[in-house]
Structures are given as structure tokens and as C-alpha cells.
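Right, one structure below, let's go through it.
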Amino acid sequence: MQTAAEYDWIKSAETIQPRNKAFIDGTFVDALSGETFECLNPATGAKLADIAACDAADIDRAVKSARTAFEDGRWSSKSPADRKAVILKLADLIRDNMTELALLESLDMGKLVVDAATSDVPGAASIFQWYGEAIDKIYDEIAPTGQNDLAMVRREPLGVIGAVVPWNFPLDMATWKLAPALAMGNSVVLKPAEQSPLSALRLAELALEAGIPEGVLNVVPGFGETAGKALGLHPDVDCITFTGSTEVGKYFLSYAGQSNMKQVWLECGGKSPNIIFADCDDLDAAADAAAAGIFFNQGEVCSAASRLLVESSIADVFLEKMTERAARYMPGNPLDPNSAMGAIVDETQTRRIMGFIDHGKSSSRLVCGGERVTVDGKGCFIQPTIFADVDPDDRLSREEIFGPVLAVSTFETEDEVIARANDTIYGLAASVWTSNLSRAHRVSAKLRAGSVSVNAVDAVSPMTPFGGFKQSGIGRDLSLHAFDKFSGLKTTWIKF
Ligand code: NAD
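Residue 0 is where the sequence shown starts when you use numbering that gives the first Met the number 0, and the numbers rise one by one after that.
If you want it as C-alpha cells, here you go:
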């Protein structure tokens, strides 16, 4: 069998046929308005498909379908073991269709196809498998009432879940929501990002093939301001689970307040610090991880280690190591297995990142990169870029760039770096590099971040919760805790 690095992705891309309609009630349908929008490959500018541009009317149709499916129990009243069997089948189908899903992901948003094939797609399959396997191992509770009463505390599915996701890991971000929500017995209306609807539409078809009944999973592509807003405001949606920017996360809180007070769970932005103490005993490993932490997926990662805080005594040595590593991430054709970094998702995001870089050239010291480039004369590509001497109050230190741009600054003491690391509106992730065990515990405990990695960057697994403090969000994805978002507790008290 060919490995992802051996496969001829370029040839395969010539014949791919993306699904382009909304998936509602088990079938592909046009938007009721008949409108479409263009889906472009950011690496070449070529059109991939005309996608149904759904709006409030289509969202309403999808929510009605999801509600009907939920109420008649075609999925919600199946036993956990039956739901598990279907979800495990879906995990297998994702693996069986790995090359197609990886290609769709890469063509749609510019990431390296090899990363999609070795990380995103197997990752999605393993998340479905994890939640499928978990769902029939969760027990409800009996409260310690005493002999004359019986109080049962049960988890029940919430009903109709609206899921709104971003473009940086289109398949995985959708999966983080869908797997626990569906395993719990809910129906879902998923709105993928307008920049990257293709893998979600194919996933919906695979879910039907696996045995998830019509209406239980609906995928409605469209713009945020129309389809996303309509889902947020819909009076018959019980819960919104969102991943995206902090700015749009706040809209969803307001949509809930303006409509039916639906539950809102938010996974939002970050500006994650990566702290390198001089007592770190493997600076090469730290530099490898720091580079991957900001250049993997073109830096379009919510938990990207975008602030590098290095102890002064090792700053020059470490920066040199970082410069060497950055040179290994030069962008190339995302379909070429030899490329090290892919394309930025679209022209708008490319210009936004270049705006930060242009600002940085006057506010800080450009160490490497800093240019927009083309591959084969086309596309949205940016060199891996490092700025040093970045002031803690500069935009490069404070704002989420969501691109391959690293802001480096130095520190003298542990207290100083903890204060600096926490001096942000975000609290998604943080990393600490030290060989001093006491310091590792002390610093981790003081960092306000949902995930702290010690001698690693961005450690993430289905086993552990993922999400943020402060304006990085509300609630947690992954782990058994994700079930809390998609279920309500019911007490049934029986008096003897
Ligand atoms: P975004 O907030 O612009 O869009 C996210 C989703 O919201 C898209 O589906 C979009 O169509 C929709 N949307 C946009 N405007 C809307 C509106 N007015 N009303 C309703 N819906 C609307 O984010 P993005 O640019 O797609 O993704 C980048 C952001 O996502 C970054 O801030 C990143 O940190 C964040 N992110 C967070 C996590 C996490 O787990 N914390 C993971 C990945 C990405």
C-alpha cells in the first residue's frame, strides 16, 4: 500500500468531484434561494465548486428536519450500544475514504495534503471511534437520599444542536462537535465555514451511509452573517457549539439572549505563550516544538504558540535555532508531499496577516521571513516569519494573527514571565520548557490557560479536555467532559 508521501495527489486532484449542495433531511438540496458562492483553491486561485449559499430559510428547513428526527426517536431513542455501532462504522468509512477527504481538505483551505492524510483525517476517525466507544460506558447516578426515596439523576440529550465551525481544521473541528453530540443522541445542524465547506458535506454523506438516519445530521453551507446568524437566532435550536473567533463568539452569546436563551459553548481565539527557561535541558527539542507550534498548518491554529518568551541568558542561542528551523518551513504546493508549509486559507486572511507583518517591520526586529510569495506564480503563501524584541504591548504580542508569524521577547525572572504570559485577554494554551520539576509544577499552576504543556507544545488528545479560560471560550471540547455540553441532567425523585 502506498503511503501518503508516495501517493500521486496532483493526479488525483484532477478528477475529484466535490459535493456542493446543502445536506438536509438525508439528501443534497440547493439553497431555497437558488444562490451559490464560489469555493476557491487558495494555492492556485482555481474554482473548486459553486456551493449552495444557504440563508435563514434553509437553516429553518434543516432545524425542522433535525427536530422531527429528534422527537420521533429514530436516533435519540436508540440504545447507546446501537448508536455506538453506527458511529464506529462512520469512523471506518472515514478511514476508507481517507484520500478523498484529505484532498478535499487540502484543496479547500490550503493545508498540506500529507498532514491532512496523516493527521486530520485519521484524527477525525479516531474521535468518532473514541466517542462511539465511550457512549455505552457512561452510567447515570442514584443520589444518596436514604431508604424512603429514590432519586435518579440521568443525562438526557438536549435536542437540536447547532454547530458552527471555522476553516483551519474543517473536518476535525466539525468532528469535535459532531462525535459527542451524535453519540449522546442529539440531532445536529452543522454550518461549516464558507471558506471550507467541502469535507463536511462529504462527511454528511458518509454518516448517512454508516446508518445515521435522515435528518439527524444536516450540513448547511453559507455565510456567517446569514446562515450562521440564523442558526444562532433560531428559536428551536437548544444549544450552539461554536469554534471560531472571539469576536463572533460574542455574537452567539447575544443571539442566544435575543432569542430562546439556548446554551452557548464557545471555543475561541488564543495568543498562547511558549516559555523557555534557561534550565531546559534540550533546547533543540524545544526549538523543534516551538517552530512546529507556530508554523504547522501555516500558523492557522487556535492554540498556536505565537508568543515565544525566552530567558535572556539563552535568547541569542535559541533565536538562532529558531531561525534555522523557520527555514525548513518554506511554503510549497500543498499537494506536493515534499512541501513543508501550505497556502493561507484565502486572499482576505493573507492580506490580514501581511498587515501584521508590515506593522511588525516598524515596531519590532524582523529576524526572518516577512514576505508574501507565490508558488508556480500563484496563490496565497507567506514565508515563516519571526520578529524579535517585540514589546509586550505591541499588536504582535496582543492580537491573534492566525498565520506563520512568531513574536519573540525575553525575560529575566519566573515571576516576570508568569505575569507576562497571563497578560492577555486569551487563555487557551501555554507551554513551559524546564528540567526543574518544582518549577514545572509551580509555573503550570499559575498559568491561566485551559491546556498547559510541559516540555511539549500543544499536547492534545481525545482523552483530555480542550478549551479556554477568559475570552478563549466557555466549556470544553474533547474528553468525557464534552458530553456535558450536549446533555441535560434530569432528576427523577420517587417517594416511597
Ligand atoms: P470566524 O469567527 O470568522 O468564523 C467561524 C464561523 O463563524 C464560520 O463558520 C463563520 O461563517 C461563522 N460566522 C462568522 N461571522 C458570523 C456571524 N456574524 N454570525 C454567525 N456566524 C458567523 O473564525 P474563522 O476565521 O473561521 O477561524 C479563525 C478563528 O477560529 C480564530 O480566532 C481561531 O483562534 C478560532 N479557532 C478556535 C479554536 C478553539 O478550539 N478554541 C479552534 C480553531 C479555530
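All C-beta atoms in this analysis are idealised placements derived from N, C-alpha and C, irrespective of residue type, glycine included.
Fair warning: this is a prediction, and the values are worked out from it, not measured in the lab.
- Valine 451 sits close to serine 430, with the two beta carbons spaced by under 9 Å.
- Between the alpha carbons of phenylalanine 168 and aspartate 119 lies a distance of about 7 Å.
- Residue side-chain check: leucine 89 keeps its Cβ at 8 Å or more from all non-hydrogen atoms of ligand 1.
- The stretch 403-417 and the stretch 355-373 touch, with three or more beta-carbon pairs separated by less than 8 Å.
- When beta bridges are read from the DSSP output, lysine 377 appears opposite Val374.
- For a cut-off of 8 Å, the C-beta gap from valine 187 to valine 62 is around 10 Å, too long to register as a contact.
- The beta carbon of aspartate 135 is closer than 6 Å to those of Pro79, Ala80 and Lys83 in its chain, skipping five residues each way along the sequence.
- Per DSSP, serine 338 lies in no beta strand (DSSP E) segment and is marked neither H nor E.
- Under a 10 Å Cβ-count criterion, serine 253 is classified as exposed, with fewer than 16 other Cβ atoms of the shown protein chains found around its own Cβ.
- Take aspartate 148, set aside five residues on each side of it, and the residues of its chain with a beta-carbon closer than 6 Å to its own are Lys494, in chain order.
- Look at phenylalanine 495 here: in three-state DSSP terms it is coil, with no helix or strand label.
- Straight through space, the alpha carbons of phenylalanine 276 and valine 389 are spaced by roughly 18 Å.
- Within 8 Å of the C-beta of phenylalanine 380 there is not a single heavy atom belonging to ligand 1.
- Rounded to whole angstroms, the separation of the alpha carbons of serine 258 and aspartate 114 is 40 Å.
- Apart from sequence neighbours up to five positions away, the residues of its chain that approach isoleucine 93 with a beta-carbon distance below 6 Å are Ala123 and Ala124, ordered along the chain.
- Taking a contact to require three or more Cβ pairs closer than 8 Å, the stretch 130-146 and the stretch 216-226 do not qualify as touching.
- Listed in chain order, the alpha helix (DSSP H) runs fully inside the stretch 201-264 are 228-232 and 245-257, counting runs of at least 4 residues.
- Taken in chain order, the unbroken stretches of beta strand (DSSP E) that lie wholly in the stretch 110-182 and span 3 residues or more are 148-156 and 159-163.
- Scanning Thr349, Ala285 and Lys377 for the CA closest to the CA of glycine 369 turns up Thr349.
- Glycine 214 and cysteine 38 have their C-alpha atoms some 25 Å from each other.
- Using a Cβ-Cβ distance cut-off of 8 Å, the stretch 52-70 and the stretch 98-109 are not in contact, since fewer than three pairs of beta carbons, one from each stretch, lie closer than that value.
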